[in-house]
Amino acid sequence: METKIDTTTPWMCDKCQKALVSQKVKVRYLEGNFEVELLKCPTCNMVFISEDLALGKILEVEKSLEDK
Amino acid sequence: MTLDPLIHTESLCPICLHKLEAYMYDKGMNTYMHKECSEHGTFETVLWRSKTPMREWIRTKERATIKNPITEVEKGCPFDCGLCSAHRQHTCTALIEVTSRCNLNCRFCFADALDAKSSDPTLEQLRFQFESILKVSGKCNIQLSGGEPTVRDDLVKIVRIGVSLGFPFIQVNTNGIRLGQDEAYVKALKEAGLSSIFLQFDGIDDAIYEKLRGRALFDVKAQAIENCRKHGIGVVLVPTIVPNINVESIGDIIRFGISQTPTVRGVHFQPVSYFGRIPEPPKDSERITLPEVMECICEQTHHMVKMQSMKPPGCENALCSFHGNYLIEEGSLKPVTKRSCCSSGSEKAEEGANKAKAFVARNWSYQKQVKEEKLSDWDKILNAIANNAFSLSGMAFQDAWNVNLERIRDCCIHVSTVEGKLIPFCMYNITNMDGKSLYRETKRA
Numbered sequence: 608m609e610t611k612i613d614t615t616t617p618w619m620c621d622k623c624q625k626a627l628v629s630q631k632v633k634v635r636y637l638e639g640n641f642e643v644e645l646l647k648c649p650t651c652n653m654v655f656i657s658e659d660l661a662l663g664k665i666l667e668v669e670k671s672l673e674d675k
Numbered sequence: 002m003t004l005d006p007l008i009h010t011e012s013l014c015p016i017c018l019h020k021l022e023a024y025m026y027d028k029g030m031n032t033y034m035h036k037e038c039s040e041h042g043t044f045e046t047v048l049w050r051s052k053t054p055m056r057e058w059i060r061t062k063e064r065a066t067i068k069n070p071i072t073e074v075e076k077g078c079p080f081d082c083g084l085c086s087a088h089r090q091h092t093c094t095a096l097i098e099v100t101s102r103c104n105l106n107c108r109f110c111f112a113d114a115l116d117a118k119s120s121d122p123t124l125e126q127l128r129f130q131f132e133s134i135l136k137v138s139g140k141c142n143i144q145l146s147g148g149e150p151t152v153r154d155d156l157v158k159i160v161r162i163g164v165s166l167g168f169p170f171i172q173v174n175t176n177g178i179r180l181g182q183d184e185a186y187v188k189a190l191k192e193a194g195l196s197s198i199f200l201q202f203d204g205i206d207d208a209i210y211e212k213l214r215g216r217a218l219f220d221v222k223a224q225a226i227e228n229c230r231k232h233g234i235g236v237v238l239v240p241t242i243v244p245n246i247n248v249e250s251i252g253d254i255i256r257f258g259i260s261q262t263p264t265v266r267g268v269h270f271q272p273v274s275y276f277g278r279i280p281e282p283p284k285d286s287e288r289i290t291l292p293e294v295m296e297c298i299c300e301q302t303h304h305m306v307k308m309q310s311m312k313p314p315g316c317e318n319a320l321c322s323f324h325g326n327y328l329i330e331e332g333s334l335k336p337v338t339k340r341s342c343c344s345s346g347s348e349k350a351e352e353g354a355n356k357a358k359a360f361v362a363r364n365w366s367y368q369k370q371v372k373e374e375k376l377s378d379w380d381k382i383l384n385a386i387a388n389n390a391f392s393l394s395g396m397a398f399q400d401a402w403n404v405n406l407e408r409i410r411d412c413c414i415h416v417s418t419v420e421g422k423l424i425p426f427c428m429y430n431i432t433n434m435d436g437k438s439l440y441r442e443t444k445r446a
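Protein sequences, first through last, are from chains A and B. Heads up: the first sequence begins at 608 in the numbering used here, then just goes up one per residue. Heads up: the second sequence begins at 2 in the numbering used here, then just goes up one per residue.
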């Protein structure tokens, strides 16, 4: 199923019932550390990654670090 | 002498090139090959000298099957190369020798250059070879080699033929002299679609070039890198490592490479091997084995590079090469590959070939720099990876003394012949002590 982010409705954290906010998040893959802006719950810090992002740019980053 | 047979394989007699039974056995921390020819006697050659035993490095693979083999199995390996149906790996890189002329006279050369009498293959002939590769191996990576390919004024046309047939990655193997002296030639190669230069680069000290190549070459090589930078062609530095000449320069070469990123994409070490007519068998002290190169990398970079960051290949036989992938952070190499201590057994050779092809095409090409402020966070990461990726690798070519036919059957680097055959690289280049070869003369016939 394709998930689309509706920009008019803020995403809510189901557990905390708080609206997600866009924040810089540290991402680590293999030995590389990166900082990116992602939607995050201000209370529990759970980060939301949409299917589009996971199968798009994140996959592209993973592939660019892929080994032989 | 008591032998402790470790691994059985097959090899060749360095005198008559007949097939022989061979054993690889441990003596202390080292591994040697032992073989006997009923006519020419016993041969012993060092294969591996390391704190890490050879058997711990070996990675087993489930063989690939050649879908369109050119030759049938008649006489048995290695006398049916073409590729034959018994070959166990696809082509990752196909080599096309575009000339046998050269503008240097090197002490160590497999390419059998200076054959000034022979004429260069025509563009039609080369098109036929590209098409033959396409039929057997699909759109693999291409390396244009020689002789010295840049002695041809029409190299640009050769690159264009490859690009027009859809080959995604074309590299030129060169000493860099012309690229350093003729910027317009570099520009034209880029415009034709050349991705990468495999630059013979033995050190940062002219004394090394004088010994190995007969003249001082550092400045012209540095200029070749500069010209590639200007026109966006990736460069891989390729040192031939020879005991008593440049083993101590390994760290300097890596540091120089890092200083030239992102134009320089990595360093690919080639321990010396022995081809052509030579008066006596090479001594073990005249060889450096793959793990010794890795240990030198660690020591000479003051352990910035660690042993665990270098891995055996997933494509060719494990005894043929090593590689490590890194990201440069503040001038230092951070590993992005790790050797697993709990390998999940056998891997698929075909998958290894696909990954290796993709890796080389991506990491050995020049990555165009984009202005950071225009990019999203994720694109900034992609840009940083592209600009800061650096690879260290090494490949041990086989000669008549250490050839292991298991490695030949797993080979993924194939030389295209004028008849449109593909011959595993080492089998194409191996000669006996008199310089006689099994496959190369068919080229001159």
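Even for Gly, the Cβ is constructed at its ideal location relative to N, Cα and C. Because the structure is a prediction, the values reported are computed rather than measured.
Interface partners of residue i on chain B, CB under 7 Å
i: Phe641 (chain A); result: Ile382
i: Glu644 (chain A); result: Asp378
i: Lys647 (chain A); result: Near Lys647 (chain A) there are no residues of chain B at all, since even the closest Cβ is about 13 Å away, more than 7 Å.
In DSSP terms, what residue i is bridged to
i: Asp380 (chain B); result: The partner list for Asp380 (chain B) (beta bridge, DSSP) is empty, contrary to what the question assumes.
i: Val137 (chain B); result: Partner(s): none; Val137 (chain B) has no beta bridge.
i: Ile198 (chain B); result: B:Val173 and B:Val236
i: Val265 (chain B); result: B:Val236
i: Asp155 (chain B); result: Its beta-bridge partners do not exist; DSSP assigns none.
i: Gly639 (chain A); result: A:Tyr636
i: Val628 (chain A); result: A:Lys647
i: Phe270 (chain B); result: B:Gly395
i: Ala217 (chain B); result: Looking at the DSSP assignment, Ala217 (chain B) forms no beta bridge with any residue, so it has no partner.
i: Glu325 (chain B); result: The sequence given here places Gly at residue 325 (chain B); Glu does not occur at that position. For Gly325 (chain B), which the question treats as bridged, DSSP gives the partners B:Leu393.
i: Leu21 (chain B); result: B:Ser12
Neighbour-count burial assignment, residue i, 16 or more Cβ in a 10 Å radius
i: Gly163 (chain B); result: buried
i: Pro425 (chain B); result: buried
i: Glu98 (chain B); result: buried
i: Glu293 (chain B); result: buried
i: Met30 (chain B); result: exposed
i: Gly177 (chain B); result: buried
i: Leu666 (chain A); result: exposed
i: Asn433 (chain B); result: buried
i: Gly267 (chain B); result: buried
i: Cys316 (chain B); result: buried
i: Met428 (chain B); result: buried
i: Ile656 (chain A); result: exposed
Closer than 9 Å to chain A by CB, residue i
i: Ile386 (chain B); result: yes
i: Phe360 (chain B); result: yes
i: Cys316 (chain B); result: yes
i: Phe140 (chain B); result: A small correction: the amino acid at residue 140 (chain B) is Lys; Phe does not occupy that position in the sequence shown. No, its Cβ sits nowhere closer than 9 Å to a Cβ of chain A.
i: Ala390 (chain B); result: yes
i: Arg179 (chain B); result: no
i: Lys312 (chain B); result: yes
i: Arg128 (chain B); result: no
i: Lys375 (chain B); result: no
i: Lys335 (chain B); result: yes
i: Arg363 (chain B); result: yes
i: Gly395 (chain B); result: no
i: Gly332 (chain B); result: no
i: Gly353 (chain B); result: yes
Chain B contact for residue i (CB, 9 Å cutoff)
i: Asp674 (chain A); result: yes
i: Ile665 (chain A); result: yes
i: Ser657 (chain A); result: no
i: Leu637 (chain A); result: yes
i: Leu627 (chain A); result: no
i: Leu662 (chain A); result: no
Cross-chain neighbours of residue i in chain B, by beta carbon under 9 Å
i: Val668 (chain A); result: Trp379, Ile382, Leu383 and Ile386
Partners in chain A for residue i, counting only beta-carbon separations shorter than 7 Å
i: Thr338 (chain B); result: Asp674
i: Ala357 (chain B); result: Lys675
i: Asn326 (chain B); result: Asp674
Below-9 Å beta-carbon distance, residue i vs any chain E residue
i: Thr650 (chain A); result: In summary, chain E is missing from the structure at hand, where the protein chains are A and B.
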